[in-house]
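Protein chains in written order, with our numbering: chain A, -10 to 295; chain B, -10 to 295.
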């Protein structure tokens, strides 16, 4: 991971003026670095870690950061991980350009591997991310949302990038096709669990732990799995969730109703199922593969929310 | 070009909901398609046109369109080519996502060639485009701007993409290194001329011909070559150009002063010099190369502004 961090730092140093400052702020704000970690752990453990894998790890994190910067523009968010967002600190114009810069740098980082299949895989994930953003907005305040449509959004927004993070680590370290496919599927399942648990946390977390105010999805009308489950038990919630002018007290009431409905436990159980499926896929992966460490990552995704 | 248009149309058809509608609107708004034309014309004329070259032509236009969509977000522009911008018609959120989608699709289109060097070249241009955007904003209302800094911005914003458009056409059709380098330089020079003439047109054009109101650069404080030349003759202009609250009458007065200063002719002469240099590069290009057609493109870049 130290090599990945160094590559990420070079990206900010490479870019001039306010662009560099905005990228440096985004990079140094930290984050869990789950995606590059997956890339490194999916590399063949019986070979030395090569530059292509490190480049891929940096690339998936750069692409992820690009979407965070742009998401904050679209959401008008002022804080991320307890710090001012790029949009807030540097202005919308720098934030849009910084997102584009990070997206383009993700591709130049990966193109340095000279592996066209790797670039193709990342570009498919990047296309999906932008589709996921628009899907989320098209689905805003649609309280009749089907669970399949919620899951499609999770795939595009989160799981596809987790899958490609694993795929690149496996593929660029010379794993054979069966392992690459199994690890990509492991990543997809972890990604789905990760997104669902993130959506649960938005309902149940507190600002001191998460660095952001809970209830953002309720306020923004983003219909997530816990909200869908709560709607099944308390259809009356639909009226509140369809409104775009909820006050803080009303958001708190919605969150209490969701918590009392059992929806949080149910959504957590769905996420746990994905984690179990991910472990199953891992155990059937032909290998060689870092089974133990990857199982630990799966466990940590869950631990964050328990 | 028909094959390129088909590929571009497929991009819009591929994407769901409002994203597809926004992309379709951007694509069908037309435009000169100069960049993909350069890609096709830079392909070796002694070989049949292959799919990689057509993919590259589509990719450079997709990247160009992505920047247009995002530029309109940043500028708050309501019209482009006489039609509502994506930002105006579909909202800022769809516009940011549509720009990201087009950028990602540019890379997936080109990654389909399986040529990693081509993807690397495009990613360098994409990084430069985002740097150019921020440079332009950092330089806003800086009336003491050095000409070299203006030119650096033109390279990042325009000339690099023209250069890579030519480089990809030549490289992906199997041209030898000398030809690829010469054609990339030809593209760079045409791109510089194109940008300077565009900046002249913003001072001298009228809405009926150009589809946009003249004087946008004066209003926005974007210091261009004609404005730099006018400032040499009429330093008093600096006071107006440094202001962010010019009314329509004041913008018109500035444009008249610029026209009377001889700055437009001088800037046009600089552009003509780049066009001549481009022709010289072309004549020394080892070939085989479409010399006549490429010379015609150079002539057309100029003709638009005479």
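Ideal Cβ placement from N, Cα and C applies to all residues, glycine included.
7 Å Cβ cutoff, residue 59 of chain A in contact with chain B: The count along the first chain starts at 1 and reaches residue 59 of chain A at position 70. It does: the Cβ of residue 59 of chain A has a partner Cβ on chain B nearer than 7 Å.
Residue-level contact to chain B via CB, residue 8 of chain A, 7 Å cutoff: Sequence index remark: in the first chain, residue 8 of chain A carries index 19 (1-based). Yes, residue 8 of chain A lies at the interface with chain B (some Cβ there is under 7 Å from its Cβ).
Nearest-angstrom beta carbon gap, residue 96 of chain A and residue 112 of chain B [assumed within contact, 8 Å]: Your numbering for residue 112 of chain B matches position 123 in the second chain. Your numbering for residue 96 of chain A matches position 107 in the first chain. Their Cβ separation, rounded to whole angstroms, is 4 Å, which keeps residue 112 of chain B and residue 96 of chain A in contact under 8 Å.
N-terminal and C-terminal residue of the alpha helix (DSSP H) that residue 54 of chain B is part of: Residue 54 of chain B sits at position 65 when you count from the first residue of the second chain. Run containing residue 54 of chain B: 40 to 64, per the alpha helix (DSSP H) assignment.
Contact between the stretch 40 to 60 of chain A and the stretch 188 to 198 of chain A (3+ Cβ pairs under 8 Å): no
CB contact check: residue 162 of chain B to chain A, cutoff 7 Å: For the purposes of this step, residue 162 of chain B is taken as residue 173 along the second chain, with counting starting at 1. No, residue 162 of chain B does not count as interfacial toward chain A.
Neighbouring residues, chain B, relative to residue 203 of chain A (Cβ below 7 Å): As a first step, residue 203 of chain A is located in the first chain; it is residue number 214 there, counting from the start. Result: empty, since nearest Cβ-Cβ is about 23 Å, beyond 7 Å.
Identified DSSP bridge partners for residue 73 of chain A: Residue numbering aside, residue 73 of chain A sits at position 84 when the first chain is read from its first letter. DSSP lists A:68 as partners of residue 73 of chain A.
Neighbourhood of residue 34 of chain A by C-beta, 8 Å cutoff - its chain only, sequence neighbours within 5 removed: The count along the first chain starts at 1 and reaches residue 34 of chain A at position 45. Only 277, 278, 279 meet the Cβ criterion.
Any non-hydrogen atom of the ligand NAD closer than 6 Å to residue 228 of chain A Cβ: The ligand NAD is not among the ligands present in this structure, which contains no ligands whatsoever.
Cβ contact check for the stretch 215 to 234 of chain A and the stretch 243 to 255 of chain A: 3 or more pairs under 8 Å: yes
Nearest-angstrom beta carbon gap, residue 108 of chain B and residue 47 of chain B [assumed within contact, 8 Å]: The count along the second chain starts at 1 and reaches residue 47 of chain B at position 58. The count along the second chain starts at 1 and reaches residue 108 of chain B at position 119. Between residue 108 of chain B and residue 47 of chain B the Cβ distance is about 14 Å, and since that is not below 8 Å, they are no contact.
At least 3 beta-carbon pairs within less than 8 Å: the stretch 0 to 15 of chain B vs the stretch 123 to 134 of chain A: yes
Cβ-based burial, residue 233 of chain B [other Cβ within 10 Å; buried from 16]: As a working note, residue 233 of chain B is residue 244 in the second chain. Result: exposed.
Neighbour list for residue 108 of chain B in chain A, Cβ cutoff strictly below 7 Å: Here residue 108 of chain B refers to the residue found at position 119 of the second chain. Correct list: 96, 100, 105, 108.
Proximity to residue 68 of chain B [Cα-Cα], best of B:203, B:88, B:53: Looking up residue 68 of chain B in the second chain gives position 79. It is B:203.
Rounded Cβ spacing between residue 50 of chain B and residue 25 of chain B (contact assumed at less than 8 Å): As a first step, residue 50 of chain B must be located in the second chain, where it is residue number 61. As a first step, residue 25 of chain B must be located in the second chain, where it is residue number 36. About 5 Å separates the two Cβ atoms, so the contact holds.
Cutoff 8 Å; reference residue 153 of chain A; Cβ partners in own chain excluding five residues on either side: The count along the first chain starts at 1 and reaches residue 153 of chain A at position 164. Contacts found: 49, 110, 111, 113, 114, 173, 176.
Same chain only: Cβ atoms within 6 Å of residue 159 of chain B, ignoring 5 sequence neighbours per side: What you label residue 159 of chain B is simply residue 170 of the second chain in a count that begins at 1. Closer than 6 Å at the Cβ level, and outside the excluded window around residue 159 of chain B, lie 31, 168, 169, 172.
Simplified DSSP state of residue 191 of chain B, which is helix, strand or coil: As a position in the second chain, residue 191 of chain B is number 202, starting the count at 1. Residue 191 of chain B: helix per DSSP, three-state reduction.
The stretch 282 to 291 of chain B touching the stretch 236 to 244 of chain B, judged by at least three CB pairs closer than 8 Å: no
Burial state of residue 2 of chain A (16 or more Cβ within 10 Å): Locating residue 2 of chain A in the first chain gives position 13, where the first residue counts as 1. It is exposed - the Cβ of residue 2 of chain A has fewer than 16 other Cβ atoms within 10 Å.
Contacts that residue 123 of chain B makes with chain A (C-beta to C-beta distance below 7 Å): Within the second chain, the letter at position 134 stands for residue 123 of chain B. Result: 6, 7, 8, 83, 86.
Rounded distance between the beta-carbons of residue 45 of chain B and residue 133 of chain B, thought under 8 Å: For the purposes of this step, residue 133 of chain B is taken as residue 144 along the second chain, with counting starting at 1. For the purposes of this step, residue 45 of chain B is taken as residue 56 along the second chain, with counting starting at 1. Contact doesn't hold; Cβ gap of about 40 Å is too wide.
Whether residue 306 of chain B touches residue 156 of chain B by CB criterion (7 Å): No answer is possible for residue 306 of chain B: the residues shown for chain B start at -10 and end at 295.
Residue environment, residue 84 of chain B, which counts as buried when at least 16 other CB atoms sit within 10 Å: Within the second chain, residue 84 of chain B is the residue found at index 95, counting from 1. It is buried - the Cβ of residue 84 of chain B has at least 16 other Cβ atoms within 10 Å.
Where residue 239 of chain B meets chain A, residues with beta-carbon distance less than 7 Å: Residue numbering aside, residue 239 of chain B sits at position 250 when the second chain is read from its first letter. Those do not exist, as residue 239 of chain B stays about 24 Å from chain A at its closest Cβ, beyond 7 Å.
Beta-carbon contacts of residue 239 of chain B that lie in its chain and below 7 Å, excluding the five residues immediately before and after: In the second chain, residue 239 of chain B corresponds to position 250, counting from 1. Excluding sequence neighbours, residue 239 of chain B sits near 229.
Sub-7 Å separation of residue 66 of chain A and residue 88 of chain A beta-carbons: Here the question's residue 66 of chain A lines up with position 77 in the first chain. Here the question's residue 88 of chain A lines up with position 99 in the first chain. No, these two residues do not count as a Cβ contact at 7 Å.
Neighbourhood of residue 142 of chain B by C-beta, 8 Å cutoff - its chain only, sequence neighbours within 5 removed: Indexing the second chain from 1 puts residue 142 of chain B at position 153. Closer than 8 Å at Cβ, skipping near neighbours: 121, 124, 125, 128.
Within chain A, the residues that residue 63 of chain B reaches when beta carbons sit closer than 9 Å: By one-based count along the second chain, residue 63 of chain B stands at place 74. Residues of chain A passing the Cβ test: 81, 82, 85, 86.
Inter-residue spacing [alpha-carbon to alpha-carbon] between residue -1 of chain A and residue 82 of chain A: Here residue -1 of chain A corresponds to residue number 10 of the first chain, with the count starting at 1. Here residue 82 of chain A corresponds to residue number 93 of the first chain, with the count starting at 1. The alpha-carbon atoms of residue -1 of chain A and residue 82 of chain A are separated by roughly 23 Å.
Members of the stretch 114 to 145 of chain B that neighbour chain A once the beta carbon cut-off is set at 8 Å: 115, 116, 118, 119, 120, 122, 123, 124, 126, 127
Chain E within 7 Å of residue 172 of chain B, Cβ atoms only: No chain E is part of this structure, whose protein chains are labelled A and B.
Rounded separation between residue 296 of chain B and residue 52 of chain A - CA only: Only positions -10 to 295 of chain B appear in this structure, which leaves residue 296 of chain B out of reach.
DSSP three-state assignment for residue 157 of chain A, whether helix, strand or coil: Translated into the one-based positions of the first chain, residue 157 of chain A becomes position 168. Helix at residue 157 of chain A.
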